[in-house]
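> Handing you a structure now.
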Amino acid sequence: MKKHYYITSILIIAVITMAIYPIDGYERTRIKRLKRLEKTLDSTITEYYLKPGSFKKTDEINLWLCEDTVATDSIMIVDEDFQNKMTRLFPRRGGYAITVLDITDPENMRYAEMNENSGFQPGSVGKLAVATAFFTQLAALCPDDFEVRTKLMREKVVRSGIWGVGDHHTVPIYNIEKDKLVKRQVIASDEFSLYEWVDHMLSVSNNGAASIVWREALLMKLFGDEYFDLTQEEADEYWETADKKMLSEVATELVNQPLRDLGITHDEWRLGSFFTNGPDRIARATGGSIGTPAGLMKWFIKLEQGQIVDRQSSLELKRLMYMTDRRIRYAYSSRLNDASVYFKSGSYYSGGGVKYAGTKFNYMNSVIMVEHPDGTNYIVCLMSNILGKNSAGDHMYLASAIDKAIRSED
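Numbering (our numbering), first residue to last: 6 to 415.
Structure, rendered in structure tokens:
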């Protein structure tokens, strides 16, 4: 290994608008928007939408199950009393699927499930699979030195090109020298570090950023050690001449094999398409996308066990899911204001003309880790397809009900 030390009108895909990573993380990541948010720590600026649970520091984020690396199946065993508590919240069970794991006491965890193997279109939750693939390929490049991996993420800057355009959702762009923040769509000439592209993918859930992160993981796989010094011009030239069928096969395996290695089956969670149309002329992932609460819960357990690639990668992934901006959907519940939340959401709906209330299909997915100051910690993977109902509000109300049930003494 080289040692480098730089060295559709009726079809709507809706994504979330929020920001992630601890506010004190600029020096570690060089994610520029964090430099602006640092000013909230000394009250130089006030962001009224920030919740008390949004100010945890980087070194205060922990993994809770690293000492309990048993198989997920031995953890996902229904506790009948807990199951009754959870299922009571769903008098209308059709269209909902959920898994819940209370890890407050790792020696006495409580698990509940309902329609846990039902497959839903995962939407933007699928970006967690891209992040998993990205960290897998980073580890393949630098198996013995996590600091080299993060240095690469900080210092390697790549251009969007056709991969990142076509998403109407914006990304935050902060000019440190001018102290100016703008939010706009990604354009082909945009250049960001790997850390910032991953942040754009997971924070504001930008679809173009997801395709770019997937692209960079693919380049790591194809070029190996040469990726360290791979120039933008060399990468662009490669795409023009590479075999499309081969690229499609490698791209599909790249994002799915890490899930299989975690014990998540093909029918529990898979990703089968890029998030933007630009890559289609170069590579086309295949197989369709599906997610289940069971598959997503397995991923969260492995994250907390430090087994997504390795303990350092798992912890960094968790930091990248930590919400430090406006909370929405499930995370908007006022009962979670004081809690630290690690969140990803996605929606996919059509028909009816009302946001998040599709009448043809109306997928809403929320996966979240909640950590209360009193030590109550739990994971929820909730997926729904309730036609004609405002699913954003529905998930928020369910969040309150689930939190209340978990924290009640009866």
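Here a beta-carbon is modelled for each residue, glycine too, at the ideal position from N, C-alpha and C.
Within 10 Å of its beta-carbon, does residue 205 have 16 or more other beta-carbons around it, so buried, or fewer, so exposed?
Buried.
> Starting from residue 115 and walking both ways along the beta strand (DSSP E), at which residues does that stretch end?
115–119
> So, at 8 Å on beta carbons, what are the nonlocal neighbours of residue 184 in its own chain, with the 5 sequence-adjacent residues on each side left out?
Result list for residue 184: 41, in chain order.
> How far does the beta strand (DSSP E) with residue 177 in it extend, from its first residue to its last?
176–180
> By DSSP, does residue 260 sit in helix, in strand, or in coil?
helix
> Go through its chain and collect everything with a Cβ distance to residue 203's Cβ below 6 Å, but skip five positions before and after it.
Answer for residue 203: 218, listed in chain order.
> Put residue 4 into one of helix, strand or coil per three-state DSSP.
Outside the shown range of the chain (6 to 415) lies residue 4, about which nothing can therefore be said.
> Could you say if the region 328–337 and the region 295–304 meet the contact criterion of at least three C-beta pairs nearer than 8 Å?
no
> Just to confirm, are residue 221 and residue 163 a CB contact at a threshold of 9 Å?
yes
> Hey, residue 279 and residue 352 are a contact pair by Cβ (cut 8 Å); roughly how many whole angstroms apart?
That belief does not hold up - the Cβ atoms of residue 279 and residue 352 are roughly 18 Å apart, past 8 Å.
> Could you tell me the boundaries of the beta strand (DSSP E) in which residue 382 lies?
382–390
> Expressed to the nearest angstrom, what Euclidean distance is found between the alpha-carbon atoms of residue 35 and residue 66?
19 Å
> Can you have a look at residue 154 and say buried or exposed, based on whether 16 or more other CB atoms are within 10 angstroms of its CB?
buried
> What does DSSP give as the partner residues of residue 101 in its beta bridges?
389
> Taking the CB atoms as reference points, tell me whether residue 126 and residue 373 lie closer together than 9 Å.
no
> DSSP on residue 41, reduced to helix/strand/coil?
helix
> What would DSSP say about residue 168, mapped onto helix, strand or coil?
Reduced to three states, the DSSP call for residue 168 is helix.
> Given residue 124, which residues of its chain have a CB within under 8 Å of its CB, disregarding the five upstream and five downstream residues?
272, 295, 296, 297
> In angstroms with no decimal places, state the Cα-to-Cα distance between residue 417 and residue 224.
Nothing about residue 417 can be read from this structure; the chain reaches only from 6 to 415.
> Go ahead and pull the three-state DSSP assignment for residue 244.
Reduced to three states, the DSSP call for residue 244 is helix.
> By DSSP, does residue 160 sit in helix, in strand, or in coil?
helix
> Looking at the unbroken alpha helix (DSSP H) that takes in residue 345, where does it start and where does it end?
From DSSP, residue 345 is part of no alpha helix (DSSP H) but of the beta strand (DSSP E) over 345–355.
> When the Cα atoms are used, what is the spatial distance from residue 342 to residue 293?
36 Å
> Mapping the DSSP letters down to three states, classify residue 129 as helix, strand or coil.
helix
> Could you name each continuous alpha helix (DSSP H) segment of 4 residues or more that falls completely within the region 258–340, going from the start of the chain to the end?
298–309, 316–326
> Short check: CB of residue 210 to CB of residue 192, under 9 Å?
no
> Can the beta-carbon of residue 28 be found less than 9 Å from the beta-carbon of residue 48?
no
> Is DSSP giving residue 203 helix, strand or coil here?
Shown here, residue 203 sits in a helix according to DSSP, grouped into three states.
> Please state if the CB of residue 310 and the CB of residue 319 are separated by a distance shorter than 9 Å.
For residue 319 and residue 310, yes; Cβs fall inside 9 Å.
> Could you please give the first and the last residue of the uninterrupted alpha helix (DSSP H) stretch that includes residue 196?
Note, residue 196: premise wrong, no alpha helix (DSSP H); beta strand (DSSP E) at 196–198.
> Would residue 82 pass as a contact of residue 116 if the rule is Cβ separation under 9 Å?
yes
> Taking three-plus beta-carbon pairs below 8 Å as touching, is the region 86–104 in contact with the region 402–415?
yes
> Using a Cβ-Cβ cut-off of 8 Å (strictly less than) and excluding sequence neighbours within five positions of residue 338, which residues of its own chain qualify?
401, 402, 404, 405, 408
> Hey, would you say residue 385 sits closer than 9 Å to residue 396, going by beta carbons?
no
> Give me, in chain order, the residues of the same chain whose beta-carbon lies closer than 6 Å to that of residue 418; leave out the 5 immediate sequence neighbours on both sides.
Residue numbering for the chain in the displayed model covers 6 to 415; residue 418 lies beyond these limits and cannot be assessed.
> To which residues does DSSP link residue 373 through a beta bridge?
348, 385
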